[in-house]
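**Q** Residues -25 to -1, 1 to 184 (mature numbering (1 follows the signal peptide of the UniProt record, and there is no 0)) make up the sequence shown, in order. Think of the CB as a built atom: it goes at the ideal place given N, C-alpha and C, for glycine as much as any other residue. The structure follows.
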Amino acid sequence: MKNISMVAKAVGLAFVMVASAPVMAAETENATASVTVKNAFEMVVAKPLNFGEITAVVDLTDTDGVSASITMSPNPTEQATVVNGAGNAATIRSLVPGEPGEVTVAGVAPYSELSVTLPTTPTNVVAASAPPGSPKFVLSTITAFITSGDNDGTLYADGNKLTADGQGNASFNFGGTLTTDVYVAETNVIDRQYQDGEFTGTFPITVSY
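If you want it as structure tokens, here you go:
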């Protein structure tokens, strides 16, 4: 009888302990996720491509169609090179040196890799006002020279990209080849030499992530 009483007491004590355990409280709140997209950045053509001051003579015949050219390297340490036409029928001579163009980029992700897209089609470079039959220049072979980031001091290429620095800035120079006009019967008739004055042409340069 005594043993039964002890068992009963033990069971009763266990029951009281379970019933007295505290109940855990629970709360639920909705959390929020957010992100701000800023793909835009600042791109400035800080300097235009400048071939300096030159003399230029165009070949007015339609028999050989020779031309002269001046190439401005995007590397600022290199001088422009001139190639004249056969027999000097077309010539360019440099009077005042020019300089490559410059593009600056700001506000991109630090150390990010950037692509530069340069024009692949020629650009006409013309006088602001010129009579019919006046010659133009043709700009082609635009190239870029990186002046910031990991690839500073090298030519831009598909495997040699432009990279930003730790502040999200990048820069590069650009150059190209300027060629005298060529007489073509019925389609590009030239009947006079270049007039004095400034010749200009515009072309696109794109920088992207």
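#1: What first and last residue would you give for the beta strand (DSSP E) that runs through K22?
#2: Quick one: what's L153 bridged to in DSSP?
#3: Do you know offhand how far T36's Cα is from M18's?
#4: How would you call E173, buried or exposed, if buried means at least 16 neighbouring beta carbons within 10 angstroms?
#5: Considering only the beta carbon of each residue, do P94 and I180 sit closer than 9 angstroms?
#6: Do V58 and the ligand ZN come close, with the Cβ less than 8 angstroms from some heavy atom?
#7: Taking the alpha-carbon of G150 as reference, which of A139, S183 and T116 has the nearest alpha-carbon?
#8: Could you spell out the range, first to last residue, of the beta strand (DSSP E) harbouring N99?
#9: For G134, count neighbouring Cβ atoms within 10 angstroms of its own Cβ and tell me buried if that reaches 16, exposed if not.
#10: When you compare only the Cα positions, how much space is there between N99 and V157?
#11: Just to confirm before moving on: does the CB-CB distance between F147 and E77 stay below 9 angstroms?
#12: Let me check one thing: in DSSP terms, what residues is S69 bridge-paired to?
#13: For E88, collect the residues of the same chain with a Cβ closer than 7 angstroms to its Cβ; drop the 5 residues on either side in sequence, then sort them by chain order.
#14: Near M47, what residues of its chain come up, given a Cβ to Cβ distance below 7 angstroms and the 5 sequence neighbours on each side ignored?
#15: Do G108 and R167 have their C-beta atoms within less than 9 angstroms of each other?
**A** Straight from the coordinates:
#1: Per DSSP, the unbroken beta strand (DSSP E) holding K22 starts and ends at E17 to K22.
#2: I45 and L114
#3: 44 angstroms
#4: exposed
#5: yes
#6: Of the ligands one can find in the structure shown there are none, so the ligand ZN has no counterpart to examine.
#7: T116
#8: T98 to A102
#9: exposed
#10: 12 angstroms
#11: yes
#12: S69 is bridged by DSSP to I29.
#13: K136 and T138
#14: L24, F26, A55, G73, P75, G150 and G151
#15: Their beta carbons are under 9 angstroms apart, which means G108 touches R167 by this criterion.
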